[in-house]
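Undergrad: Sharing a structure here in C-alpha cells format.
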Amino acid sequence: MTQSQKLTVKPYRGTRDFYPEHMYLRNHMFNIMRSVAELYGYEEYDGPMLENFDLYAAKSGEELVKEQLYHFVDRGNRHVAIRPEMTPTVARMVAARIGELPRPIRWFSFPNLWRYEKPQRGRLREHWQFNIDILGSDSVSADQEIIEVAIKIMLKLGADKKDFCIHISDRRILMYFLESVLKLDPSLSAPVCRVIDKRAKISAEDFNRMLIDIGLSNGQIDEIDSYLNLTGKNLSDHPVSQSEGYAELNKLLEGLANNGMDSMCKVDMSIVRGLDYYTGTVFEMYDLSPENRRALFGGGRYDNLVGLFSKERVSGVGLGMGDVTVADFLQTHNLLPKLNPAASVHVALFDENSRLSTSHLANILRSAGIRTSMQIESARLGKQFKWANSKQIPVVVLQGPDEKAQGTVLIKEMASHNQRVVKEADLVSAIHQLLNLDV
RNA sequence: GUGGGUGUAGCUCAGUCGGUUAGAGCGCCUGACUGUGGAUCAGGAGGUCGAGGGUUCAAUUCCCUUCACUCACCCCA
6 MTQSQKLTVK PYRGTRDFYP EHMYLRNHMF NIMRSVAELY GYEEYDGPML ENFDLYAAKS
66 GEELVKEQLY HFVDRGNRHV AIRPEMTPTV ARMVAARIGE LPRPIRWFSF PNLWRYEKPQ
126 RGRLREHWQF NIDILGSDSV SADQEIIEVA IKIMLKLGAD KKDFCIHISD RRILMYFLES
186 VLKLDPSLSA PVCRVIDKRA KISAEDFNRM LIDIGLSNGQ IDEIDSYLNL TGKNLSDHPV
246 SQSEGYAELN KLLEGLANNG MDSMCKVDMS IVRGLDYYTG TVFEMYDLSP ENRRALFGGG
306 RYDNLVGLFS KERVSGVGLG MGDVTVADFL QTHNLLPKLN PAASVHVALF DENSRLSTSH
366 LANILRSAGI RTSMQIESAR LGKQFKWANS KQIPVVVLQG PDEKAQGTVL IKEMASHNQR
426 VVKEADLVSA IHQLLNLDV
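Counting from 1 along the first sequence, just add 5 to a position and that's the residue number in this note's numbering.
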C-alpha cells in the first residue's frame with residue numbers, strides 16, 4: 006500500500022470516537038442518570054438499533070423519515086431502519102407485553118440514535134440519549150415525577166439551582182387558545198405553532214411579520230402576544246383558564262412546589278416542541294448561563310403511541326437527554342469530572358529475573374481489591390516511573406534484589422516523592438493507608 | 001439543502017507580494033542518568049502545506065473543482 010492508499014483514521018462523518026477520557030465523561034453522566042432513575046424505581050431496558058422501516062414511516066415526522074433516516078434493504082429483502090429515536094421502540098416493546106406489564110411502567114434506557122444530519126454544534130449523526138418514560142398513567146403526578154427526576158439529575162451532576170430552568174407549558178392550553186380564543190382556522194394552527202416555538206430566537210418585528218405573512222390580523226397578533234406573556238400568576242384571569250390543560254398545569258405546579266422544585270421551573274407559553282405526538286404537558290430545560298443559552302433537553306406527555314400496535318390505549322410521559330448537550334452544560338459551568346487514574350498502583354519490574362515474583366506481588370494487591378497495573382516490558386526504571394507519572398498513578402511499588410533478599414518492598418508515593426520500605430506482609434495495609442490519605 | 005469562515009508536524013499555530021532543503025512552541029522517542037518520574041541540556045522521528053486539476057521556467061502561495069471541519073440559516077429534538 007502506498008501512502009495515498011492508507012485508510013483514514015477519522016471516524017465516519019458526524020460520529021465520535023470515545024477515547025478513554027471521553028468514555029469516562031459519558032459514564033460519569035450516565036451513571037448519575039441511572040442512579041437517579043433507579044432511586045425513583047425505574048428499570049433499565051434496551052432494544053435493537055435496527056427496526057422495521059414502517060415503525061417510523063407510521064408516526065415520526067415526514068422530514069425525519071424522508072431526509073434523516075438511515076435505512077436499507079437487507080439480504081432477506083426487508084426494509085430496515087437504524088433507530089433515529091427511542092420512543093417508537095419503547096411503544097413497540099410495551100405493546101408486545103401489554104397484557105402482562107403491571108402499570109405504571111417506569112423504564113429508562115441509554116440508546117445511541119442515528120440521523121442523517123449535516124453535523125454542527127450540538128447535532129451529530131450519532132448521539133446517545135438518556136430516555137426515561139412512565140407509561141400507563143394519565144395522572145399529572147407522572148408528569149411531575151419525570152420533571153423531578155430531571156431536576157434531581159441536574160443537581161446531582163453538580164448544577165446549582167440558579168444554573169438552569171425548566172420551562173413548562175401544556176399543549177391542551179395552546180390548542181384551546183388557538184381554537185376557542187383566537188378562533189383560528191385549523192389549517193393555520195401548525196404554522197402558527199412553528200412561529201410561536203421560534204419566538205425566543207427572533208426579534209419582535211420578525212415575529213409579527215411572520216404572523217402577518219401567515220394571514221393573521223393585528224388583533225390576533227396582540228392576542229398571541231398577551232397569551233405568550235402569561236405566567237403562572239396572571240393565567241387565572243385569561244380565557245384559557247377555562248381549559249382542561251389549565252387545571253392540569255396548576256396541579257403540576259402545585260406538586261412541584263410541594264417538593265421544593267418550583268424555583269427551578271416556570272410557566273412558558275411559548276414552549277411548543279416539534280414532535281406531533283405530544284398532547285399534554287410539554288417542557289424544555291434551559292441553561293441559564295449567558296454562554297450557553299439554549300435548550301438542554303425536553304419532553305412531554307404523548308397519548309396513545311402504543312395504540313399503533315395495540316387496541317389498548319396507553320399514554321405516557323417522558324424525556325430525552327442528549328449526551329452532547331449535557332456535556333456542554335457541564336463544561337460551561339466547570340462541572341467536568343476529574344479523570345480518575347486507571348490504576349492506583351503501578352508495580353515496576355526491576356529486571357527479567359524478578360518477573361515472576363513481581364507478578365506475584367501485583368496479584369496480592371489485586372486480590373486485596375487494589376487496582377494495579379504491572380510493567381510488561383522490562384525497561385530502565387526511570388522510564389517506568391515516568392510512565393506511571395504520565396498516567397497519574399499515585400503509587401509505584403518496586404522490589405529489586407535488595408528488597409527481595411530482605412523480604413521487603415519499596416513503596417513510593419509519586420506526588421510527595423516520599424518512599425519507604427515495608428515488609429512484604431505489610432504491603433497491602435501500607436498501600437491502603439497511602440491511598441486513603443490521598444483521598 | 002443555502003450562505004460565510006478555515007484546512008501547513010500528533011496538538012496549537014507562524015510563514016510564503018510565486019523562487020534553494022517549509023518553521024516554532026508543546027507533545028513523542030533516545031541519551032546525559034545501567035535502582036527512581038514533573039526540571040535542565042543534547043540529539044531524533046514525524047509534513048506528497050486537505051485532495052484533484054489549471055496557469056507558470058517554478059505553486060504550500062495564484063485560479064478552478066472537490067472533500068473535510070466550523071459558524072449562521074433550513075429542519076428537527
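Cβ atoms here follow ideal geometry from the backbone N, Cα and C, with glycine treated the same way.
Keep in mind it's a predicted model, so treat the numbers as computed, not measured.
(1) Can glutamate 429 and glycine 412 be called in contact, C-beta distance under 8 Å?
(2) Which stretch, first to last residue, makes up the alpha helix (DSSP H) that contains tyrosine 251?
(3) Which whole-angstrom value is the C-beta distance of arginine 97 and leucine 118, which I expect to be below 8 Å?
(4) Cα separation between arginine 18 and valine 414?
(5) Distance check for glutamate 150 and tryptophan 112, CA to CA, integer angstroms please.
(6) Label isoleucine 173 either buried or exposed according to how many other C-beta atoms from any shown protein chain fall within 10 Å of its C-beta, with 16 as the threshold for buried.
(7) Tell me, to the nearest whole angstrom, how far the beta carbon of glutamate 99 is from that of valine 311; I am working on the premise that it is less than 8 Å.
(8) Return the Cβ separation of alanine 42 and isoleucine 139 in integer angstroms, given the expectation that the two are a contact with Cβ distance under 8 Å.
(9) Could you give the residue range of the alpha helix (DSSP H) that holds serine 362?
(10) One question on the structure: do threonine 377 and alanine 347 come within less than 8 Å of each other, judged by their Cβ atoms?
(11) Taking the alpha helix (DSSP H) that leucine 293 belongs to, which residues open and close that run?
(12) Whole angstroms are fine: how far does the CA of glutamate 90 sit from the CA of valine 319?
(13) Closer than 8 Å is the cut-off here; do at least three beta carbon pairs connect the segment 280 to 292 with the segment 140 to 160?
(14) What is the DSSP secondary structure of threonine 5, counted as helix, strand or coil?
(15) State the start and end residues of the unbroken beta strand (DSSP E) segment that holds aspartate 175.
(16) Is it buried or exposed, aspartate 190, if we count other Cβ atoms within 10 angstroms and call 16 or more buried?
(17) Do the CB positions of arginine 176 and glycine 141 come within less than 8 Å of each other?
(18) Mapping DSSP to helix, strand and coil, what is glutamine 8?
(19) I'd like the list of long-range same chain contacts for leucine 439, defined as Cβ closer than 8 Å, with 5 residues on each side in sequence excluded.
(20) Would you mind stating whether aspartate 1 and valine 322 have Cβ atoms separated by less than 8 Å?
(21) Beta carbon of isoleucine 178, beta carbon of serine 275: below 8 Å?
(22) Tell me whether threonine 20 sits in a helix, a strand or coil according to DSSP, three-state version.
(23) Does the distance from the C-beta atom of valine 186 to that of proline 124 stay below 8 Å?
(24) Mapping the DSSP letters down to three states, classify leucine 432 as helix, strand or coil.
(25) Quick check: what's the CA-CA separation for glutamate 122 versus tyrosine 61?
(26) So, for alanine 373: in the same chain, excluding its five sequence neighbours on each side, which residues have a beta-carbon less than 7 Å away from its beta-carbon?
(27) How long is the line joining the alpha carbons of glutamine 336 and isoleucine 158, rounded to whole angstroms?
(28) Output the distance between the C-alpha atoms of lysine 409 and alanine 384, rounded to the nearest integer angstrom.
(29) With respect to the beta strand (DSSP E) encompassing aspartate 138, which residues constitute its N-terminal and C-terminal limits?
(30) Secondary structure at threonine 446, three-state DSSP: helix, strand or coil?
(31) Under the three-state reduction of DSSP, which class applies to threonine 377: helix, strand or coil?
(32) Looking at the strands, I want to know which residues DSSP matches up with leucine 55.
(33) Are methionine 34 and aspartate 218 touching if we call contact CB-CB under 8 Å?
(34) Please determine, among Arg130, Glu56, Gly46, Asn36, the residue with the shortest C-alpha to C-alpha distance to glutamate 72.
(35) Note the first and the last residue of the continuous alpha helix (DSSP H) segment covering serine 421.
(36) Rounding to the nearest angstrom, what Cα-Cα distance links lysine 206 and leucine 183 in this structure?
TA: To lay it out plainly:
(1) Reading the first sequence from its first residue, position 424 is the one you call residue 429. Reading the first sequence from its first residue, position 407 is the one you call residue 412. In terms of Cβ geometry, glutamate 429 and glycine 412 form a close pair [threshold 8 Å].
(2) Counting from one through the first sequence, the residue named residue 251 turns up at place 246. For tyrosine 251, the enclosing alpha helix (DSSP H) starts and ends at 249 to 263.
(3) Locating residue 97 in the first sequence gives position 92, where the first residue counts as 1. Locating residue 118 in the first sequence gives position 113, where the first residue counts as 1. With a beta-carbon spacing of about 15 Å, arginine 97 and leucine 118 fall beyond the 8 Å limit used to define contacts.
(4) Translated into positions along the first sequence, residue 18 becomes position 13. Translated into positions along the first sequence, residue 414 becomes position 409. Spanning the two alpha carbons is a distance of roughly 51 Å.
(5) In the first sequence, the residue the question calls residue 112 occupies position 107. In the first sequence, the residue the question calls residue 150 occupies position 145. Our two residues, tryptophan 112 and glutamate 150, have alpha carbons roughly 13 Å apart in a direct line.
(6) Position 168 of the first sequence, counted from the first residue, corresponds to residue 173. Buried, since its Cβ has 16 or more Cβ neighbours within 10 Å.
(7) Counted from its first residue, the first sequence places residue 99 at position 94. Counted from its first residue, the first sequence places residue 311 at position 306. Rather than glutamate, the amino acid found at residue 99 in this sequence is valine. Confirmed, Cβ separation roughly 5 Å.
(8) Counting from one through the first sequence, the residue named residue 42 turns up at place 37. Counting from one through the first sequence, the residue named residue 139 turns up at place 134. In this structure, alanine 42 and isoleucine 139 do not form a Cβ contact; the two beta carbons are roughly 11 Å apart against a cut-off of 8 Å.
(9) In the first sequence, residue 362 corresponds to position 357, counting from 1. Per DSSP, serine 362 is one residue of the alpha helix (DSSP H) stretching across 360 to 372.
(10) What you label residue 377 is simply residue 372 of the first sequence in a count that begins at 1. What you label residue 347 is simply residue 342 of the first sequence in a count that begins at 1. It is not a contact, given that the beta carbons lie outside the stated cut-off.
(11) On the first sequence, residue 293 is found 288 positions in, with the first residue counted as 1. Where leucine 293 is concerned, there is no enclosing alpha helix (DSSP H), given that its DSSP letter is neither H nor E.
(12) Taking the first sequence and counting its residues from 1, the one referred to as residue 319 is at position 314. Taking the first sequence and counting its residues from 1, the one referred to as residue 90 is at position 85. About 19 Å.
(13) They touch, by the three-pair rule.
(14) Outside the shown range of the chain, which is 6 to 444, sits residue 5, and nothing can be said about it.
(15) Residue mapping note: residue 175 aligns to position 170 of the first sequence, counting from 1. Per DSSP, aspartate 175 belongs to the beta strand (DSSP E) from 169 to 175.
(16) The sequence position of residue 190 within the first sequence is 185, counting from 1. Under the 10 Å beta carbon count, aspartate 190 is surrounded by fewer than 16 other beta carbons and is classified as exposed.
(17) Stepping through the first sequence from its first residue, residue 176 is reached at position 171. Stepping through the first sequence from its first residue, residue 141 is reached at position 136. Between arginine 176 and glycine 141, the CB-CB gap reaches or exceeds 8 Å.
(18) What you label residue 8 is simply residue 3 of the first sequence in a count that begins at 1. Low confidence applies here, because glutamine 8 scores a pLDDT of 35, under 50, leaving its location unreliable and the question unanswered by this model.
(19) Here residue 439 is taken as the residue at index 434 of the first sequence, counted from 1. Hits under 8 Å: Pro399, Val400, Ile416, Glu418.
(20) With the chain running from 6 to 444 in the structure shown, residue 1 is simply not present.
(21) As a working mapping, residue 178 is identified with position 173 in the first sequence. As a working mapping, residue 275 is identified with position 270 in the first sequence. Judged by beta-carbon spacing, serine 275 lies beyond the 8 Å limit of isoleucine 178, meaning their Cβ atoms are not closer than that value.
(22) For the purposes of this step, residue 20 is taken as the residue at position 15 of the first sequence. Of the three classes helix, strand and coil, the one that applies to threonine 20 here is coil, per DSSP.
(23) Numbered from 1 along the first sequence, position 181 holds the residue referred to as residue 186. Numbered from 1 along the first sequence, position 119 holds the residue referred to as residue 124. Taking 8 Å as the cut-off, the beta carbon of valine 186 is found no closer than this to the beta carbon of proline 124.
(24) Taking the first residue of the first sequence as position 1, residue 432 is located at position 427. The three-state reading of DSSP puts leucine 432 in helix, counting H, G and I together.
(25) Reading the first sequence from its first residue, position 117 is the one you call residue 122. Reading the first sequence from its first residue, position 56 is the one you call residue 61. C-alpha separation (whole angstroms): 17 Å.
(26) On the first sequence, position 368 is the one that residue 373 refers to. In its chain, beyond the 5 residues on either side, Val433 have a beta carbon closer than 7 Å to the beta carbon of alanine 373.
(27) As a working mapping, residue 336 is identified with position 331 in the first sequence. As a working mapping, residue 158 is identified with position 153 in the first sequence. Cα-Cα distance, rounded: 16 Å.
(28) As a position in the first sequence, residue 409 is number 404, starting the count at 1. As a position in the first sequence, residue 384 is number 379, starting the count at 1. In this model, lysine 409 and alanine 384 are separated by some 19 Å (Cα to Cα).
(29) Mapped onto the first sequence, residue 138 falls at position 133. Unbroken beta strand (DSSP E) run through aspartate 138: 131 to 140.
(30) Lying outside 6 to 444, the shown extent of the chain, residue 446 is not represented and no answer is given.
(31) Numbered from 1 along the first sequence, position 372 holds the residue referred to as residue 377. Correct three-state label for threonine 377: strand.
(32) Along the first sequence, read from residue 1 onward, the residue named residue 55 stands at position 50. Answer by DSSP bridge pairing, in chain order: Ile87.
(33) The residue you call residue 34 lines up with position 29 of the first sequence. The residue you call residue 218 lines up with position 213 of the first sequence. No, they are not a contact pair.
(34) For the purposes of this step, residue 72 is taken as the residue at position 67 of the first sequence. Comparing C-alpha distances from glutamate 72 to each of Arg130, Glu56, Gly46, Asn36 shows the shortest one belongs to Arg130.
(35) By 1-based counting over the first sequence, the position of residue 421 is 416. Segment: none, serine 421 is in no alpha helix (DSSP H) and carries neither H nor E.
(36) Your numbering for residue 206 matches position 201 in the first sequence. Your numbering for residue 183 matches position 178 in the first sequence. Taking the CA atoms as reference points, lysine 206 sits about 22 Å from leucine 183.
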